[in-house]
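Structure first, then comments.
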């Protein structure tokens, strides 16, 4: 495996093999497997889990890593092709990225959506421009439109808890003070569909996932025997749900329009996941969230602090599955 | 040892054993002792020595580490329980800290005092809230009210220089442009008392250490055969002193009151340690300081650049004793 | 080798031996050579290549490193001797640097020119003050007046491409929105002269390299059989050139005078390296640049994206030569 950019690039049995490798390494660590190997990490956006777990994953396998954070000890990087660079950015990705790749055995890149132009973001314009410059194994640490490390960790988390492959998975929009990118909801809906689940996207008007995102999930569902639909009706969505996957994202009906988005979300403070969402609909439903989560804004304390929440296991599984991705990328066949 | 949070949590012979282990590892390094182990480091405040020496300590023992710095590549962390998180902090410690702990074998946390409410800070309210979330070995890298790594390094530094266990240890307030936390002075006075020394706290009016801090030191002195008193009379304090431990801290009489503190300290520019402090009182007295120190503000060049100063050895001993703490925490009995 | 501060500190055959070691380690890595060794890295200025390649170099040899970045997780460091430290800097280099040195086996320091007083900068006043405080092997990661890691990488890059030792090397000034330090141009002109090349410094009026820089290069040329001259005539300079080494630097005729410098450079937007510079003068001339480079400001896309550009190899050679420097410093004779 040379690239881990999108779960959709893999067949279902390839994902199963990665998850099996992850479980094997979780049980039987191989602390020398990547001795002498170096992972380069380029963070164009902030991180806690990804930053810590990628370094920890390399270390667990005996390798090492370096971190580059433009704007924090490193100059800003320009991404636009043809730019006349007389502004703040001192270096172009066309130099910076191949140079970093030349210093390591695998590179991870985090580059969030610009959140200005939906088509531009969904096309992964920026990430693709960067990926084309990398001639080493490459890991997507969250791009404009997907987050495969998170998706794989989420899949394993449901396996760990023996959530049925055909169970109901509700991706629910949740309130946040500002518009956030679509990468995680897009990755989650695709992952659950690929896993074979009965996927329901629960979101208010104006926040429907883009048709391309839904179509991709439906294609995965068609192959796996799952299904994908969307609704704004909470009771309908949660009825019998096994998982609620809470996530904040920006309005798609006025994408890139800060004022329009703010107006829409001002009415949506009630979209903070609370215990009463589950009464009489899905008493045993578990809460997933990729983190970070704003307490009492997106999800209430009463949910996060209850056994319903499996966000800690989800976050821990980031380390577990990334260890498998690194292993597979750097030393071969699982 | 699962936690290294406060020197007061240990018996005197446990401290002796740690110091003996530190001396042993200093003389006979064990470069593979912590192979495969990972230390997580969470810095909620700036650092030079702690940041470098914790990483160096792990590396000296064959382990590795990762560093998370909220506000610098990682989002701000909310610490308040029950907070409605619609402000700048994107993640709560209730998620962030257990997640980081799950990625490592031991966690170190630095979290300075808020310096608003004395009782809140002395109760270690913030640090305790964080510590309760950690199910791994945990090291205090400076909390609101103590700094055990510094205290242990200071103890060893005096042992190295054969300063008598019953010698006179003067903790002297020193000038600084702003109010600093009480963690280091509180740790130093307790450490010296626990070591059995004749401890004098020399400070101007308005800067007396809190009664709880003095009482804790007195309890330690009662056990060790030492003594603890305070004074504003420099000549009295320094008479026959073996050690002057200079430290800047905020007014306790108007704690959290920036204007009141500033008014008090405006009169105290003379509290910059100079050579003439020692003439006729304590010619052989050594200067200790935890660093960073503001030259010619808290301590004069003439003192820092003279053989009187042992601040470099103190700082080096941070590495030496922390190596022992990590060793003891991660592989067992000393 | 205890110090790697300036290529001029070495004899030509010492440089040759280092380059030979670099080639040997490039071909036959020694992944355990520096097991247990620690490199401290102090960055007083931003970096991408240096930051990543120094860490990667240590890791390639089995060692580890820590990074300290004042102003980013670490307090600001004061450099002025005798300073009364009541401003923003919390720590003086006289404490901070020896402390960091005591935590590692070798220290690297990056400290750019202040760009206020030319004589001060050319005398390496700041870097020398820091170097005097380090009792461990020390590497200059770019100081006010030189950048020996870059110079050594550049030398190797020309060797790799079999550029004649007596070929023509044109150091050409290039446009940048602001005045940049002289470290790289000074290092490049000396390196090329020491290599024996026919060195031409091509620069507009007001940007002549300082006499001391030219004299140092001429002394190196005298020993190696090379030559050094300067001109403002591009056609004359490039005629038959093998290498154009583009670099931005500040006006020396009004050094430290931001307004004066800006006025001069406002007329110089044409100093952006383009393909037509080479037509009829030096069709096979290669482009070198230390990076970061501002595209379409200092060098045009058409040049950077053509086979003429060897900037990627140059940057990769940073890792290769630094690995040799670390190896030689930390385990001995090459």
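Chains as they are written, first to last, in this note's numbering: chain A, -7 to 326; chain B, -7 to 326; chain C, -7 to 326. For each residue, glycine too, the CB sits at the ideal point set by N, CA and C.
- The continuous beta strand (DSSP E) containing residue 132 of chain C extends over residues 130 to 132.
- Cβ neighbours of residue 270 of chain B within its own chain (closer than 6 Å, five residues either side excluded): 277.
- Between residue 113 of chain C and residue 15 of chain C, the alpha-carbon positions lie close to 34 Å from each other.
- By the neighbour-count criterion, in which a residue is buried when 16 or more other Cβ atoms sit within 10 angstroms of its Cβ, residue 128 of chain C is buried.
- Distance from the CA of residue 170 of chain C to the CA of residue 246 of chain C, rounded to the nearest whole angstrom, comes to 13 Å.
- Note on geometry: alpha-carbon atoms of residue 157 of chain B and residue 300 of chain A lie some 55 Å from one another.
- With a threshold of 16 other beta carbon atoms within 10 Å, residue 240 of chain B meets it and is buried.
- Boundaries of the beta strand (DSSP E) around residue 160 of chain B: 160 to 165.
- The C-beta of residue 90 of chain B comes no closer than 7 Å to any C-beta of chain C.
- The C-beta distance from residue 319 of chain C to residue 33 of chain C rounds to 17 Å, too long to meet the 8 Å contact threshold.
- For residue 28 of chain C, the nearest beta carbon of chain B is closer than 7 Å to its own beta carbon.
- Put simply, the CB of residue 78 of chain C is near chain B, with a gap under 7 Å to one of its CB atoms.
- For residue 66 of chain A, the pairing in a beta bridge is given by DSSP as A:62.
- The closest CA to that of residue 3 of chain A, considering only A:182, A:304, A:65 and A:196, is found on A:182.
- Among the CB atoms of chain C, none fall inside 7 Å of the CB of residue 85 of chain A.
- For residue 267 of chain A, the number of other beta carbons within 10 angstroms of its own is below 16, and it is reported as exposed.
- Here residue 84 of chain B is bridged, per DSSP, to B:70.
- Pairing residue 64 of chain A with residue 64 of chain B gives a Cβ-Cβ distance under 7 Å.
- The Cβ atoms of residue 235 of chain B and residue 186 of chain B lie no closer than 7 Å to each other.
- For residue 165 of chain B, no Cβ of chain A is located within less than 7 Å of the residue's own Cβ.
- Our two residues, residue 189 of chain A and residue 233 of chain A, have alpha carbons roughly 11 Å apart in a direct line.
- Within chain C, no residue has its beta carbon less than 8 Å from that of residue 215 of chain B; the closest one is some 33 Å off.
- At least one beta carbon of chain C lies nearer than 7 Å to the beta carbon of residue 64 of chain A.
- For residue 266 of chain C, not one C-beta of chain A is nearer than 7 Å to its own C-beta.
- For residue 30 of chain A, the uninterrupted beta strand (DSSP E) run begins and ends at 30 to 35, by DSSP.
- Annotation: residue 60 of chain B to residue 123 of chain B spans about 16 Å, alpha carbon to alpha carbon.
- For residue 98 of chain A, the uninterrupted beta strand (DSSP E) run begins and ends at 98 to 102, by DSSP.
- When 7 Å is used as the limit between beta carbons, residue 293 of chain A is near these residues of chain B: 74, in chain order.
- When DSSP assignments are scanned along the region 265 to 302 of chain A, the uninterrupted stretches of alpha helix (DSSP H) that are 4 or more residues long and fall wholly within it turn out to be 293 to 296.
- Between the alpha carbons of residue 218 of chain C and residue 155 of chain C lies a gap of roughly 14 Å.
- For residue 146 of chain B, the secondary structure class from DSSP, reduced to helix, strand or coil, is helix.
- For residue 22 of chain B, there is no enclosing alpha helix (DSSP H), as DSSP marks it with neither H nor E.
- With contacts defined by Cβ atoms closer than 7 Å, residue 69 of chain A and residue 100 of chain A do not form a contacting pair.
- Close to residue 140 of chain A, with beta-carbon spacing below 7 Å, lies no residue of chain B; the smallest spacing is near 19 Å.
- For residue 23 of chain C, the C-beta contacts it makes with chain A under 9 Å involve 27 and 28, in order along the chain.
- For residue 95 of chain C, the C-beta contacts it makes with chain B under 7 Å involve 44, 45, 48 and 311, in order along the chain.
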